[in-house]
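Peer 1: Heads up, our numbering is the position in the sequence shown plus 309, with the first residue counted as 1.
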Amino acid sequence: MFYVIILQILLIPPLFAEEIHIGILDWRSLENFDQHWLPSLKQIERKMPAHELVLHPMNLAELDHALEKGTLDFVITNPGHYVALSSHFDLAPIAQLQHIKEGLPLNQVGSVMLTRSERDDIQDFSDLKGLRVGAVGGDSFGGYQLMLDRLQQSFPDMNRWGVEWHFSGFPMDQLLERLLNNDVDAIILRSCLVEVMALEGKIELTHFRQVGDQVIATYPCKLSTDLYPGWPLLRTARVNDTLARQVVSVLMSSDSLMIEQDLVHWQPPVSYQSVYEVFEGLRIGPFAAFPHNPVLHWLLTHKHWLMLAGSLLFLWVLHNLRTEYIVRQRTQELEWSQQRQKLAENESHKHQEELRHASRFALMGELTAGLAHELNQPLTAIANYARGSIRYLKREDQSLEEKRRSLIDAAEQIACQADQAAAVMKNIRAFLKKEAGDYSWVQIDVVIADTLLFCHTRLSQASIHPKVILDDHLPGIYSHRIYLLQILANLVTNALDAMEEMQSEECLLEVCTYYNDDEQALIVEVKDRGKGIDPHIESHLFEPFMTTRKEGMGLGLSLSRSLAESMGGNLTLKSRLQGGAVAQLRLPLLSKKREPKH
Ligand code: ADP
310 MFYVIILQIL LIPPLFAEEI HIGILDWRSL ENFDQHWLPS LKQIERKMPA HELVLHPMNL
370 AELDHALEKG TLDFVITNPG HYVALSSHFD LAPIAQLQHI KEGLPLNQVG SVMLTRSERD
430 DIQDFSDLKG LRVGAVGGDS FGGYQLMLDR LQQSFPDMNR WGVEWHFSGF PMDQLLERLL
490 NNDVDAIILR SCLVEVMALE GKIELTHFRQ VGDQVIATYP CKLSTDLYPG WPLLRTARVN
550 DTLARQVVSV LMSSDSLMIE QDLVHWQPPV SYQSVYEVFE GLRIGPFAAF PHNPVLHWLL
610 THKHWLMLAG SLLFLWVLHN LRTEYIVRQR TQELEWSQQR QKLAENESHK HQEELRHASR
670 FALMGELTAG LAHELNQPLT AIANYARGSI RYLKREDQSL EEKRRSLIDA AEQIACQADQ
730 AAAVMKNIRA FLKKEAGDYS WVQIDVVIAD TLLFCHTRLS QASIHPKVIL DDHLPGIYSH
790 RIYLLQILAN LVTNALDAME EMQSEECLLE VCTYYNDDEQ ALIVEVKDRG KGIDPHIESH
850 LFEPFMTTRK EGMGLGLSLS RSLAESMGGN LTLKSRLQGG AVAQLRLPLL SKKREPKH
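#1: I'd like to confirm the pairing. Which residues does DSSP put opposite residue 895 in its beta bridges?
#2: Rank 424, 531, 360 and 689 by C-alpha distance to the C-alpha of residue 418 and give the top, closest one.
#3: Reducing DSSP to helix, strand and coil, say where residue 916 ends up.
#4: Taking buried to mean at least 16 other C-beta atoms within 10 Å of its own C-beta, is residue 551 buried or exposed?
#5: Which stretch, first to last residue, makes up the beta strand (DSSP E) that contains residue 404?
#6: For residue 611, which residues does DSSP report across the bridge?
#7: Mapping the DSSP letters down to three states, classify residue 693 as helix, strand or coil.
#8: Measuring alpha carbon to alpha carbon, tell me which of 362, 787, 729 and 442 ends up nearest residue 910.
#9: Closest to residue 609 by C-alpha separation, out of 393, 510, 467 and 388, would be which residue?
#10: By how many angstroms is the C-alpha of residue 413 removed from the C-alpha of residue 501?
#11: When the Cα atoms are used, what is the spatial distance from residue 800 to residue 693?
#12: From residue 928 to residue 387, what distance separates their C-alpha atoms?
#13: Can you tell me the Cα-Cα spacing of residue 472 and residue 570, whole angstroms?
#14: When you compare only the Cα positions, how much space is there between residue 864 and residue 852?
#15: Would you check if there are 3 or more beta carbon pairs closer than 8 Å linking the region 788-805 to the region 882-894?
#16: Around the Cβ of residue 355, are there at least 16 other Cβ atoms within 10 angstroms (buried) or fewer (exposed)?
#17: Does the ligand ADP have a heavy atom nearer than 7 Å to the CB of residue 888?
#18: Let me check you understand the geometry: is the CB of residue 871 closer than 7 Å to at least one non-hydrogen atom of the ligand ADP?
#19: I'd like to know if the region 544-561 and the region 434-453 are in contact, where contact means that at least 3 CB-CB pairs between them fall below 8 Å.
#20: If contact is defined by three or more beta carbon pairs under 8 Å, each pair taking one atom from either stretch, is the region 696-706 in contact with the region 755-771?
#21: For the structure I just gave you, are there three or more beta carbon pairs, one from the region 380-396 and one from the region 516-532, closer than 8 Å?
#22: Tell me where the alpha helix (DSSP H) around residue 755 begins and ends.
#23: The ligand ADP heavy atoms versus the CB of residue 848: any closer than 7 Å?
#24: Under 7 Å from any heavy atom of the ligand ADP, does the C-beta of residue 882 make it?
#25: Is residue 856 close to the ligand ADP? I mean its beta-carbon at under 7 Å from any heavy atom of the ligand.
#26: Tell me which residues share the same chain as residue 515 and place their Cβ nearer than 8 Å to its Cβ, disregarding the 5 neighbours each side in the sequence.
#27: Tell me the DSSP secondary structure of residue 368 in three-state form.
#28: Let me check one thing: in DSSP terms, what residues is residue 417 bridge-paired to?
#29: Is the region 553-571 in contact with the region 433-447, if contact means three or more CB pairs nearer than 8 Å?
#30: Nearest to residue 585 by alpha carbon, out of 869, 707, 393 and 479?
#31: Among residues of its own chain, excluding the 5 on either side of residue 474, which ones have a beta-carbon nearer than 7 Å to its beta-carbon?
#32: Just to confirm, does residue 875 get its C-beta within under 7 Å of one of the non-hydrogen atoms of the ligand ADP?
#33: Quick one: which unbroken alpha helix (DSSP H) runs of 4-plus residues sit fully inside the region 475-502? Chain order, please.
#34: Can you find the residues in the same chain that come closer than 8 Å, C-beta to C-beta, to residue 339, ignoring five residues on each side of it along the sequence?
#35: Find out if the Cβ-Cβ distance for the pair residue 898, residue 793 is shorter than 8 Å.
#36: Could you tell me the boundaries of the beta strand (DSSP E) in which residue 788 lies?
This is the structure:
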């Protein structure tokens, strides 16, 4: 009402002038009506004498109400309010007031957050957690919304900070008082307000400290947010184009006014897109109906956790790749080492085979003297039978029939002796062959007989008749004939060696076989009544080169045990209580024991 009266006094309206109703948002404003808006608007009346300006200072609700009733031609309000109104009313900015107060550009709007200068604990926005922050109100653009948008953009989780908002309404100045009284910890103000108040001598700038710096080089006021366009002059739907054009033309053509320290002039409106974006971010005004994108909101709110989870996932993938690399490397190393081991095993097997072969030669060497004798016997017999046959043929006193019978007998004996010699040779050949043959079904009785045949000469030299007790119900075993022969020949020669210095009537060599049900094994025992095992070497008997004999090599037992083990069996040698020693060869049965024959 006060402004209307002033206007009436200043401008004496012509009779029947057409009224132009302008609604103006009224607040403790930097855009002081009577000082700045009014003189500049006054030019409309001066240049359009047929019109009378009627100004209506109103609060937000009154402005809304007037627009609803359609009683206003033009509206001057803050940019936030314009954007909020634009979703309900047809409003278009047609001009903007450029207002510079002692070098401070008041036509641009931003927000600043202030705290008391001694509040060292509030350095940054993130220090606001759990604190009291004063603002004008939820619908205040420069006094709340801009700052809230800035905070939410930078800190999507700020809703969980527990900030206590204290809204104190207009005028904005009272926020500074509340801050100084320690009613709140920080306040939000429209930018340049403190600087203007300081110019007016109302406050001391040193009492306050800014929180959250936003530096724009050409902007002289404290600022914590971006800058947005200032208050627009809006035409309503009620205004016809002619009037709008006239008003715009008057405002744009009028000169800048210097009112006290303030420089004021009208200029074309700028884009309010940035203000729309603030409203969109806050989901208010025209965007209130649009729901937040919940996924995006959730992602933004939890971005720190997501980054942590992402980093952990990355580390996990890295760890897995590393583990896989190590596993592959180890597997390869293992394969190489297995290959090397296999090669070494093959090599060792080859050497063992060669050793066994050499040992058979050595054993054969021990028996060679006897062998010559062994072969000599059938050969002598053959020669004798041949000579005898010749003699029969030469004899005159025998009938042809008698000669024929004698010759047949002699020829049969010759054949028999030759077979015996051939059998000896066959055994020797097989025994000395480098390739010791393969596994086959073997009757242990036959191997024992062959062994004793082998050792026949040494037995007869020692005048020993071995006692052979065989279990004739034993099954055949799947085994290695030559290895068995080698083991048994070794055991028999060892027994003979042990009895070397004894009288033949004291000697005893016993070879027996039986089946051990518990072990499921066939046992061959070679017992002697010799000098027994030397206690010094008893625990090392099966170690290579362990011997008590002068001409011995000490390889017989160790090779025999390794042969027995290669067939899945075992070999032991113990002293007997009654004197002498007993060697036990255990051979696993690969076939079931046969039922006894009746
Ligand atoms: P070598 O017969 O060349 O000495 P062996 O490995 O066959 O090698 O025997 C090792 C040693 O075991 C013999 O020197 C002997 O002392 C002992 N030994 C083997 N058999 C008997 C046995 N039946 N009675 C007593 N000692 C034995």
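Note that the Cβ used here is the ideal one computed from N, Cα and C, for glycine as well.
These numbers were taken from a predicted model, which means no experiment stands behind them.
Peer 2: With the structure as the only source:
#1: Your numbering for residue 895 matches position 586 in the sequence shown. According to DSSP, which records beta bridges pairwise, residue 895 is partnered with 832 and 879.
#2: Indexing the sequence shown from 1 puts residue 418 at position 109. When each option's Cα is compared against that of residue 418, the closest is 531.
#3: Residue 916 lies beyond the range of the chain shown here (310 to 907); nothing can be said about it.
#4: Residue mapping note: residue 551 aligns to position 242 of the sequence shown, counting from 1. Exposed is the call here.
#5: Against the sequence shown, residue 404 aligns to sequence position 95. Element bounds for residue 404: 401-410.
#6: Along the sequence shown, read from residue 1 onward, the residue named residue 611 stands at position 302. Answer by DSSP bridge pairing: none, since residue 611 is not bridged.
#7: Within the sequence shown, numbered from 1, the residue matching residue 693 stands at position 384. Here residue 693 sits in helix by DSSP.
#8: No statement about residue 910 is possible, as the shown extent of the chain runs from 310 to 907 and does not include it.
#9: Counted from its first residue, the sequence shown places residue 609 at position 300. Checked all of 393, 510, 467 and 388; the closest Cα to residue 609 is 467.
#10: Position 192 of the sequence shown, counting from 1, holds the residue named residue 501. Position 104 of the sequence shown, counting from 1, holds the residue named residue 413. So the alpha carbons of these two residues sit roughly 7 Å apart.
#11: For this step, residue 800 is matched to residue 491 along the sequence shown. For this step, residue 693 is matched to residue 384 along the sequence shown. The alpha-carbon atoms of residue 800 and residue 693 are separated by roughly 36 Å.
#12: No statement about residue 928 is possible, as the shown extent of the chain runs from 310 to 907 and does not include it.
#13: Here residue 472 corresponds to residue number 163 of the sequence shown, with the count starting at 1. Here residue 570 corresponds to residue number 261 of the sequence shown, with the count starting at 1. Between residue 472 and residue 570, the C-alpha separation is close to 39 Å.
#14: For the purposes of this step, residue 864 is taken as the residue at position 555 of the sequence shown. For the purposes of this step, residue 852 is taken as the residue at position 543 of the sequence shown. Taking the straight line from one Cα to the other gives about 8 Å.
#15: Yes: at least three Cβ pairs fall under 8 Å.
#16: Position 46 of the sequence shown, counted from the start, is the residue given in the question as residue 355. Flag for residue 355 reads exposed.
#17: By 1-based counting over the sequence shown, the position of residue 888 is 579. No; taking the cut-off as 7 Å, the Cβ of residue 888 has no heavy atom of the ligand ADP nearer than that.
#18: Mapped onto the sequence shown, residue 871 falls at position 562. Residue 871: no, Cβ never under 7 Å from the ligand ADP.
#19: no
#20: no
#21: no
#22: Locating residue 755 in the sequence shown gives position 446, where the first residue counts as 1. That run of the alpha helix (DSSP H) goes 753-763.
#23: Taking the sequence shown and counting its residues from 1, one reaches residue 848 at position 539. Short note on residue 848: C-beta not closer than 7 Å to any heavy atom of the ligand ADP.
#24: As a working note, residue 882 is residue 573 in the sequence shown. Yes.
#25: Within the sequence shown, residue 856 is the residue found at index 547, counting from 1. Yes, the beta carbon of residue 856 sits closer than 7 Å to at least one heavy atom of the ligand ADP.
#26: Taking the first residue of the sequence shown as position 1, residue 515 is located at position 206. Here the set comprises 426.
#27: Here residue 368 is taken as the residue at index 59 of the sequence shown, counted from 1. Residue 368 falls in the coil class under three-state DSSP.
#28: Here residue 417 refers to the residue found at position 108 when the sequence shown is read from its first residue. In the DSSP output, where bridge partners are listed per residue, residue 417 has 538.
#29: no
#30: The residue given as residue 585 occupies position 276 in the sequence shown. Checked all of 869, 707, 393 and 479; the closest Cα to residue 585 is 393.
#31: Within the sequence shown, the letter at position 165 stands for residue 474. The residues are 442 and 444.
#32: Reading the sequence shown from its first residue, position 566 is the one you call residue 875. No, Cβ of residue 875 sits at least 7 Å from all heavy atoms of the ligand ADP.
#33: Those alpha helix (DSSP H) runs which fall completely within the region 475-502 and span 4+ residues are 483-489.
#34: Numbered from its first residue, the sequence shown carries residue 339 at position 30. Any reading at residue 339 must be qualified, since the residue scores a pLDDT of 47, below 50, and its modelled position is unreliable; the value itself is stated next. Residues of the same chain with a CB within less than 8 Å of the CB of residue 339, apart from the 5 flanking positions on each side, are 408, 410, 415, 499, 501, 502 and 505 in chain order.
#35: Here residue 898 corresponds to residue number 589 of the sequence shown, with the count starting at 1. Here residue 793 corresponds to residue number 484 of the sequence shown, with the count starting at 1. The Cβ atoms of residue 898 and residue 793 do not sit closer than 8 Å to each other.
#36: In the sequence shown, counting from the first residue as 1, residue 788 sits at position 479. Taken as a continuous stretch (DSSP letters only), the beta strand (DSSP E) holding residue 788 covers 786-788.
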